[in-house]
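Asks: Okay, handing you the structure first.
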Amino acid sequence: MVPDGDRITVEDGQIQVPHRPIVPFIEGDGIGPDIWAATRSVVEAAVRKAYGGERQIAWMEVYAGEKANAKAGEWLPQETFDALSEFKVSIKGPLTTPVGGGIRSLNVTIRQVLDLYSCIRPVRWIRGVPSPMKEPEKLDVVIFRENTEDVYAGLEWASGTSEADKIRSFLIEEMGADIRQLSGIGIKPISPFGTKRHVAASIRYAIERNRSSVTLVHKGNIMKFTEGAFRDWGYEVAEEQFPDQTVAEAETWSGASTEGKILVKDRIADAMFQQVLLRPDEYDVLTTPNLNGDYISDACAAQVGGLGMAPGANVGDEIAVFEATHGTAPKYAGQDKVNPGSLILSAVMMLEHMEWNEAA
Numbered sequence: 000m001v002p003d004g005d006r007i008t009v010e011d012g013q014i015q016v017p018h019r020p021i022v023p024f025i026e027g028d029g030i031g032p033d034i035w036a037a038t039r040s041v042v043e044a045a046v047r048k049a050y051g052g053e054r055q056i057a058w059m060e061v062y063a064g065e066k067a068n069a070k071a072g073e074w075l076p077q078e079t080f081d082a083l084s085e086f087k088v089s090i091k092g093p094l095t096t097p098v099g100g101g102i103r104s105l106n107v108t109i110r111q112v113l114d115l116y117s118c119i120r121p122v123r124w125i126r127g128v129p130s131p132m133k134e135p136e137k138l139d140v141v142i143f144r145e146n147t148e149d150v151y152a153g154l155e156w157a158s159g160t161s162e163a164d165k166i167r168s169f170l171i172e173e174m175g176a177d178i179r180q181l182s183g184i185g186i187k188p189i190s191p192f193g194t195k196r197h198v199a200a201s202i203r204y205a206i207e208r209n210r211s212s213v214t215l216v217h218k219g220n221i222m223k224f225t226e227g228a229f230r231d232w233g234y235e236v237a238e239e240q241f242p243d244q245t246v247a248e249a250e251t252w253s254g255a256s257t258e259g260k261i262l263v264k265d266r267i268a269d270a271m272f273q274q275v276l277l278r279p280d281e282y283d284v285l286t287t288p289n290l291n292g293d294y295i296s297d298a299c300a301a302q303v304g305g306l307g308m309a310p311g312a313n314v315g316d317e318i319a320v321f322e323a324t325h326g327t328a329p330k331y332a333g334q335d336k337v338n339p340g341s342l343i344l345s346a347v348m349m350l351e352h353m354e355w356n357e358a359a
């Protein structure tokens with residue numbers, strides 16, 4: 000049921016938020032109800048303190064995961080997609096992600112169906128949080144992970160199936176490939192369109208938030224026509240769409256100044272894992288394809304206290320879904336003992352997105 004409130008709208012790319020916006024929420028599976036209860040109370044208290052009753056969020060529960068399956072026999076009902084799309088801004092707890100056969104990842108499905116093409120994950124240390132690092136405060140990055148392409152596109156076929164055999168035969172007979180029998184096969188699509196809109200979003204973010212650099216993280220030395228192309232298209236975006244606001248690292252080698260500009264550079268993915276450990280203060284916004292971003296965002300989170308403190312947002316042209324970045328931890332469900340920090344910090348990102356900065 001739609002609560003008493005008004006819809007958030009987007010006009011000419013600008014979000015318009017009423018004083019009583021309707022915001023859908025997905026409670027989540029496992030520990031989801033525990034951390035959502037804590038998050039909701041914190042958000043409501045912050046909004047009250049900031050605006051003294053003049054503004055208030057009208058929460059609307061929508062269903063996904065185990066709760067949706069129990070109620071409607073569907074893991075992701077169409078009504079949920081409709082609500083997330085219609086009301087523009089929403090927040091969700093963790094959802095069950097089965098390994099192996101069965102239903103597809105609900106988190107990935109939401110991102111792809113709603114075309115939430117950039118996953119944004121800020122990672123910085125909060126004083127007092129235990130960390131394995133000697134100087135965790137040196138890491139302060141924002142990871143932009145492409146959300147709709149790469150190996151997460153779901154184009155894969157199981158070992159021994161007729162589909163896998165058909166793909167294997169085509170690659171051997173038509174393309175001269177050498178692929179072992181009974182191989183499972185996956186396809187890794189990375190497009191100019193998907194890459195360029197994602198990189199552009201990361202550069203705009205860096206400009207708006209006064210960040211110093213954008214680093215394209217790729218494995219283009221091996222995957223030249225997918226991740227190598229990601230790198231090349233990323234530089235094209237900077238040069239063509241932001242010529243007055245960016246400077247490429249290679250240009251600085253011949254004397255170009257970075258003053259007042261965003262430095263755009265690139266790093267090989269495996270070397271980047273070393274860099275965030277040894278030289279974290281040299282990096283700011285990290286812009287990645289899908290798989291690299293998944294890896295490096297979790298690795299960076301470990302440096303500042305773990306996924307329990309890592310917020311995240313999935314953002315498209317008009318729709319944004321904010322989420323806890325950790326799993327469902329079902330063995331702790333109902334015990335009120337799990338850190339709700341990830342979802343609370345994701346709610347902070349949501350309030351900032353709504354331009355309710357005083358509450359954030």
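Residue numbering for the sequence shown follows numbering that gives the first Met the number 0, starting at 0 and increasing by one per position.
Even for Gly, the Cβ is constructed at its ideal location relative to N, Cα and C.
I need the straight-line Cα distance from T147 to Q111, nearest angstrom please.
Replies: Going by the C-alpha atoms only, they are around 5 Å apart.
Asks: Sorted by chain position, which residues of the same chain lie with C-beta nearer than 6 Å to L215's C-beta, five sequence neighbours on each side aside?
Replies: Taken in chain order, the residues that qualify are R230, G233, D265, T286.
Asks: Quick check: the region 173-190 against the region 150-158, are there 3 or more CB pairs under 8 Å?
Replies: The region 173-190, when compared against the region 150-158, does touch it at the 8 Å Cβ threshold.
Asks: For M59, which three-state DSSP category applies?
Replies: Strand, per DSSP.
Asks: Please identify the residue among A249, S211, K223 whose C-alpha is closest to the C-alpha of K260.
Replies: Of the listed residues, the one whose Cα sits closest to K260 is S211.
Asks: Based on Cα-Cα distance, which residue from I109, V284, G92, A71 lies nearest to D81?
Replies: It is I109.
Asks: Taking only runs of the alpha helix (DSSP H) that begin and end inside the region 94-154, which ones reach a length of at least 4 residues, in chain order?
Replies: Correct list: 105-112.
Asks: Is the beta carbon of E248 sitting closer than 9 Å to the one on V263?
Replies: Yes, Cβ-Cβ distance for E248 and V263 is below 9 Å.
Asks: Any idea which residues DSSP pairs Q13 with across the strands?
Replies: DSSP lists E10 as partners of Q13.
Asks: Would you call R39 buried or exposed, if buried means 16 or more other Cβ atoms sit within 10 Å of its Cβ?
Replies: Result: buried.
Asks: Starting from R266, follow the beta strand (DSSP E) in both directions and report where the run begins and ends.
Replies: Element bounds for R266: 261-267.
Asks: Using C-beta distances below 8 Å, list every residue in its chain close to M353, excluding the 5 sequence neighbours before and after it, in chain order.
Replies: So the qualifying residues of the chain are I7, I14, V16, P20, V88.
Asks: Would you identify the three-state DSSP class for K187, choosing helix, strand or coil?
Replies: K187 falls in the coil class under three-state DSSP.
Asks: May I ask which residues mark the beginning and end of the beta strand (DSSP E) holding H217?
Replies: Segment 212-217, the beta strand (DSSP E) holding H217.
Asks: If you reduce the DSSP assignment to three classes, tell me which class D5 lands in.
Replies: Strand, per DSSP.
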